[in-house]
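>
2 protein chains.
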Amino acid sequence: MVAAAMAAGCVIGVDLGGTKLLAGAVDERLQVHHRAYRLARTDDTTAVLETILDAVLEAREAVGGDVRAVGLGIPCLIAPETGVAMRCNHLPLVDVPVRDIVADRLGLPVAVDNDANAAMLAEWRHGAARGASDAVLLTLGTGIGGGLVVGGRLVRGARGGAAELGHMVIAAGGLPCPGNCEGRGCLEAYVSGMALGREGLRVAREAPDSALGRALAAGREITGALVTELTHDGDTVAGEVMGHMGERLGIGITTLVNVFDPEVVVVGGGVIAAGELLLGPAREVVARHALRPARDHVRIVPARFGAESGMLGAAVLALELVG
Amino acid sequence: MVAAAMAAGCVIGVDLGGTKLLAGAVDERLQVHHRAYRLARTDDTTAVLETILDAVLEAREAVGGDVRAVGLGIPCLIAPETGVAMRCNHLPLVDVPVRDIVADRLGLPVAVDNDANAAMLAEWRHGAARGASDAVLLTLGTGIGGGLVVGGRLVRGARGGAAELGHMVIAAGGLPCPGNCEGRGCLEAYVSGMALGREGLRVAREAPDSALGRALAAGREITGALVTELTHDGDTVAGEVMGHMGERLGIGITTLVNVFDPEVVVVGGGVIAAGELLLGPAREVVARHALRPARDHVRIVPARFGAESGMLGAAVLALELVG
């Protein structure tokens, strides 16, 4: 009973990824009272929607049923006015009126936005970019998610397609983009969990005596997460791969600093677990190569909410909807 | 008398470049009633300010003295609230309260902004970006000037340093930036009058039988303007240099489309005299490499006001100041 009383007036934030889903019952102070985890089923639209609903119902029940609204952060291009998912790289949500479907089924107000926008919102309202009028978010997961605040407002672009920061071209004629993109030399090809795994595999072959090389010989898959782990463990070769990725990150941030003159650049996503081993080299590149005075003022910092920024941002969407 | 009557209520817009100055007496319909040209004197601060005042006085006298306000577009970092020029790459205007000095001397309201912001304002209010909520301007002169409109507002950044679009990094580890910048691989190193002259000289040496090669043999300086002229005249080699620069421009615009999802990208400055010979290859790169749906909707168009967009934008600043 106490838990339910404490949770009165909660909202539910849902972060839907390409492979998994996190729903949280969250109060106005952004305290999380319950977390519901699901695998995101990717086979058909109905299954995805049922997974969302199922997780929301679990979270609602856990806080005694008293929920004011639901926020959804989904990895799709969203029509801001209607909450329709127009395009989606990883899930079967194309031309699906997600907002209205979920609202009808739950009988609750529902807000929908892109997952990276939601993460930016969480960091901007309550996290590492709090109080900034101009801020940039890069979430480094398998790929890159981006969020932008310009002049005190979230940037969505003319058709909701803005802030695709992983698709800034940093190497003309470079690597084909691994994302759902026909570009070459995109930041995402050099700075992401995927890129970290690729480079980790390359050096594992070149340096069989390194921890990475031994992991490869032992039959382990060389992933970005493994490179991050071995960097933490002090493996020099893994650390060099991470440091080089930090420099490439710094090149991307240099462009962002020159274009936006932001107060703060927030870096989140799984790869930020490497912390200063990633951010240190990035900061050095920006300090040398970006324009003054922007480079002298900008802060480059890790995200506050880590892997939960998307879920918390979705909760903020819901709070602001009924707020 | 008729001219003076027609010009009642004019403002004066001033575009101050690194080497020359244009002041225009402009009415609310953006008709120009008088143009005053000066060389911008770069030796000391007082001389620059006197040149501005002198040109404004000529324009004011030419329209019978009835002038409501003055707008200044200057190639400096401007403090938006105070009109102080904080940094300036080409002129001795550092920590100079330009707005207040000019206003005191003239007894008129004065608005000051960066010259590229002024050009963006002219194109946005009255030119090629009219009606757009999200627009980008690239002016290709000796270097690159940039302007941004996001969500219906001009973007200045946290400290006035935003929209340095010439300093997006398109080639990590590439050419040292020729601008007043310590970066490498900046767009400006590949797409500008300066880059065009450099590439023109390179191919003139490689192809002595081309028009460019003959110009070099005849002792002409190989400038961006000459390459543009020979491209127009049908010289294949010059056309290839221009086409390659158009492709590099397309790479920069690809980043801008992916970051901003704009309705329109406006390209101005002296190099746009090459027209479709520059924009055609740029559009092809964007159509292949940028993300959908942004690439399918964005228009890539020449500036409407050409070399006068800075002056007209400064006039718009003045018009908006007095309302």
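Just so you know, the protein sequences line up as chains F and Y, in that order. Residues in the first sequence are numbered consecutively from 0, following numbering that gives the first Met the number 0. Residues in the second sequence are numbered consecutively from 0, following numbering that gives the first Met the number 0. The beta-carbon is built from N, C-alpha and C at its ideal position, and this holds for glycine as well.
List in chain order: all unbroken beta strand (DSSP E) runs of 3+ residues lying wholly within the region 93-130 of chain F.
109-113
> So, for F:V190: in the same chain, excluding its five sequence neighbours on each side, which residues have a beta-carbon less than 7 Å away from its beta-carbon?
L139, I143, M244, R247, L248, G251
> Tell me the DSSP bridge mates of F:P175?
Note: F:P175 sits in a beta bridge opposite F:R183.
> Are at least three pairs of beta-carbons, each pair with one atom in the region 110-120 of chain F and one in the region 232-242 of chain F, less than 8 Å apart?
no
> Rounded to whole angstroms, how far is the Cβ of Y:A171 from the Cβ of Y:T227, which I believe are closer than 8 Å?
Incorrect: roughly 29 Å between the Cβ atoms, too far for contact.
> Where F:V13 and Y:V297 are concerned, what is the direct C-alpha to C-alpha distance, given to the nearest angstrom?
32 Å
> Excluding the 5 residues preceding and the 5 following F:A281 in the sequence, name in chain order all residues of the same chain whose CB lies nearer than 8 Å to its CB.
Taken in chain order, the residues that qualify are G245, E246, L248, G249, I252, V266, I299.
> Return helix, strand or coil for Y:P301, following the three-state DSSP convention.
Look at Y:P301 here: in three-state DSSP terms it is strand.
> Counting along the chain, where does the beta strand (DSSP E) carrying Y:H33 start and finish?
31-38
> Mind checking if Y:A169 is an interface residue toward chain F, Cβ cutoff 7 Å exclusive?
A quick correction: the sequence has Ile, not Ala, at residue 169 of chain Y. For Y:I169, the answer is yes, since a Cβ of chain F falls inside 7 Å of its Cβ.
> My guess is that Y:L255 and Y:V264 are in contact by the Cβ rule of under 8 Å, so how many angstroms apart are they, rounded?
6 Å
> At what residue ranges does the region 273-301 of chain Y contain a whole run of the beta strand (DSSP E), taking only runs of 3 or more?
298-301
> Check the DSSP bridge columns for F:G12 and list the partner residues they point to.
F:G23, F:G70
> Under 7 Å between C-beta atoms, does Y:V149 make it to chain F?
yes
> Are any of the Cβ atoms in chain F nearer than 7 Å to that of Y:A293?
Judged by the 7 Å Cβ criterion, Y:A293 is in contact with chain F.
> To which residues of the same chain is F:G364 closer than 8 Å at the C-beta, ignoring the five residues directly before and after it?
Past the edges of chain F, shown from 0 to 322, lies residue 364 of chain F, and the structure says nothing about it.
> For Y:A170, write down the residues that DSSP places opposite it in a beta bridge.
F:A170
> Quick one: which chain Y residues come within Cβ less than 8 Å of F:S132?
Residues of chain Y passing the Cβ test: A157.
> Which residues in the same chain have their Cβ closer than 8 Å to the Cβ of F:S209, if we skip the five residues on either side of it in sequence?
V202, A203, D234, T235, V236, A237
> Among Y:A214, Y:L29, Y:L136, whose alpha-carbon lies nearest the alpha-carbon of Y:M119?
Y:L136
> Count the other CB atoms, across all protein chains shown, that sit within 10 Å of the CB of F:N88; report buried if there are 16 or more and exposed otherwise.
Label assigned to F:N88: exposed.
> Roughly how many angstroms lie between the CA atoms of Y:R152 and Y:G146, to the nearest whole one?
11 Å
> Would a check of beta-carbon distances place F:E181 closer than 7 Å to chain Y?
yes
> Give me the Cα-Cα distance between Y:V93 and Y:A84, rounded to the nearest whole angstrom.
Each residue's Cα considered, the two are about 6 Å apart.
> Quick check on DSSP: helix, strand or coil for Y:G245?
Three-state DSSP puts Y:G245 in a helix.
> Where F:R219 and F:P74 are concerned, what is the direct C-alpha to C-alpha distance, given to the nearest angstrom?
Between F:R219 and F:P74, the C-alpha separation is close to 30 Å.
> Report yes or no: is there a C-beta of chain F within less than 7 Å of the C-beta of Y:E262?
With 7 Å as the cut-off, Y:E262 counts as an interface residue toward chain F.
> Following the continuous alpha helix (DSSP H) through F:L90, name the residue where it begins and the one where it ends.
Looking at the DSSP string, F:L90 is not in any alpha helix (DSSP H), and its letter there is neither H nor E.
> Is the beta carbon of Y:L21 closer than 7 Å to that of Y:A39?
No, they are not a contact pair.
> Within 8 Å, do at least three Cβ pairs link the region 306-318 of chain Y to the region 21-38 of chain Y?
yes
> Does Y:A161 get closer than 7 Å to chain F when you measure Cβ to Cβ?
yes
> Relative to chain F, which residues along the region 247-261 of chain Y have a C-beta separation below 9 Å, given in chain order?
R247, I250, G251, T253, T254, L255, V256, N257, V258, F259, D260, P261
> In terms of residue numbering, what span does the alpha helix (DSSP H) encompassing Y:V263 cover?
Premise fails: Y:V263 lies in the beta strand (DSSP E), 263-267, not in any alpha helix (DSSP H).
> In this structure, what does DSSP give as the bridge partners for F:V148?
F:A134, F:L153
> Give a yes or no on whether the C-beta atoms belonging to F:V270 and F:G192 are separated by under 7 Å.
yes
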